[in-house]
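Step one of this worksheet: look at the structure below.
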Amino acid sequence: MAEKRKLLNEIDKCFKKVEEGVELFEETMAKMQEANSDNQREKFQDDLKKEIKKLQRLRDQIKGWQNSSDIKDKDKLISYRKLIEQRMEQFKDIERENKTKPHSKQGLSAEEKLDPREKEKAETVEWLQCQIRYMEDEADKTESQIELLSTVDQTRKKGKRDDPKKGEKERLKRLDDLRKHLERIRFHVSKLEVCMRLVNNETLESRKVIDSLKEPFEMYIESLDPESENDPESFDPETTEKLE
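To convert, take the position in the sequence shown, counting from 1, and add 173; that gives the numbering used here.
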């Protein structure tokens, strides 16, 4: 009984953090929309990204509780998870809008003056930066899942009535899978950073990066979605190594 009360208190604290995070996200978004300069907008977008990362970690906690047999009524968990996911979608829209929206005529005319080769290089670097940001976000989510699995599951183990050896075996396997996943993500990030540096130094052709990497890597990223049927391990790590 005491364990269940402790768990419910922990969930209530999480809900409060979600409410505070969502409120701060909304306030920051309003400030960004009222900003008068690109620098201000970029700063507020960075602040939004930090808040989204915090909310994502809370969402991972909520997802863990949703899978718990100790909690019967999960409506509130679903409601708060949706609250976070709505803000995640909002942030994606903001990122897309700010990437495509020319904030000044000078920036637009500068882009028009770029020769085709420079324009292709800029687009390739932007694509690489986008993949790196996505992978870093995935690494953050994976780290928070590892942390959650290392703590929450261990505290629940005391009151668990199922076979403790089986539960521990499953927990350790899941932890091992997550750590391997994190290792792969960091490997890909390091290789993408090398590619970006080579493109910037013009020791690697932009076209070669796009032709060799864009389609397989975007399929790999899509496979990271839990609802995807693609296998993340189908992406050949040597694809990036061959470009170096």
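Glycine included, C-beta positions come from ideal geometry on N, C-alpha and C.
message: Which residue marks the beginning of the alpha helix (DSSP H) containing I225, and which one marks its end?
response: Counting from 1 along the sequence shown, the entry for residue 225 is found at position 52. Membership of I225 in the alpha helix (DSSP H) is indicated by the continuous run D211 to Q239.
- request: Check the C-beta distance from H354 over to T315 and give it rounded, since I have them as a contact under 8 Å.
  value: In the sequence shown, residue 354 corresponds to position 181, counting from 1. In the sequence shown, residue 315 corresponds to position 142, counting from 1. Right, their Cβ atoms sit about 6 Å apart.
query: What separation, rounded to the nearest whole angstrom, lies between the Cα atoms of P289 and C187?
result: The sequence position of residue 289 within the sequence shown is 116, counting from 1. The sequence position of residue 187 within the sequence shown is 14, counting from 1. Straight through space, the alpha carbons of C187 and P289 are spaced by roughly 51 Å.
- prompt: Using the rule of at least 16 other Cβ atoms within 10 Å of the residue's Cβ for burial, across every protein chain shown, is I235 buried or exposed?
  reply: Taking the first residue of the sequence shown as 1, we reach residue 235 at position 62. It is buried - the Cβ of I235 has at least 16 other Cβ atoms within 10 Å.
- prompt: So does the stretch 302 to 311 actually touch the stretch 365 to 382, counting three or more Cβ pairs closer than 8 Å?
  reply: In this structure the stretch 302 to 311 lies against the stretch 365 to 382, because at least three pairs of beta carbons, one per stretch, are closer than 8 Å.
Whole-Å CB distance - G194 paired with L250, under 8 Å assumed: The residue given as residue 194 occupies position 21 in the sequence shown. The residue given as residue 250 occupies position 77 in the sequence shown. By a beta-carbon distance limit of 8 Å, G194 does not contact L250. Their separation comes to about 16 Å.
query: When the Cα of L301 is compared with those of S385, I267 and R232, which residue comes out closest?
result: In the sequence shown, the residue the question calls residue 301 occupies position 128. Of the candidates S385, I267 and R232, the one whose C-alpha sits nearest the C-alpha of L301 is S385.
Whole-angstrom C-beta distance between I257 and L221, which should lie under 8 Å: The sequence position of residue 221 within the sequence shown is 48, counting from 1. The sequence position of residue 257 within the sequence shown is 84, counting from 1. With a beta-carbon spacing of about 13 Å, L221 and I257 fall beyond the 8 Å limit used to define contacts.
- prompt: Would the beta-carbon of L351 fall within 7 Å of that of I394?
  reply: Taking the sequence shown and counting its residues from 1, the one referred to as residue 351 is at position 178. Taking the sequence shown and counting its residues from 1, the one referred to as residue 394 is at position 221. No, these two residues do not count as a Cβ contact at 7 Å.
message: Whole angstroms are fine: how far does the CA of L181 sit from the CA of E200?
response: As a working mapping, residue 200 is identified with position 27 in the sequence shown. As a working mapping, residue 181 is identified with position 8 in the sequence shown. E200 and L181 have their C-alpha atoms roughly 29 Å apart.
task: Determine the direct distance from the alpha carbon of Y253 to that of E299, and round the result to whole angstroms.
output: Position 126 of the sequence shown, counted from the first residue, corresponds to residue 299. Position 80 of the sequence shown, counted from the first residue, corresponds to residue 253. In a straight line, the C-alpha of E299 is about 34 Å away from that of Y253.
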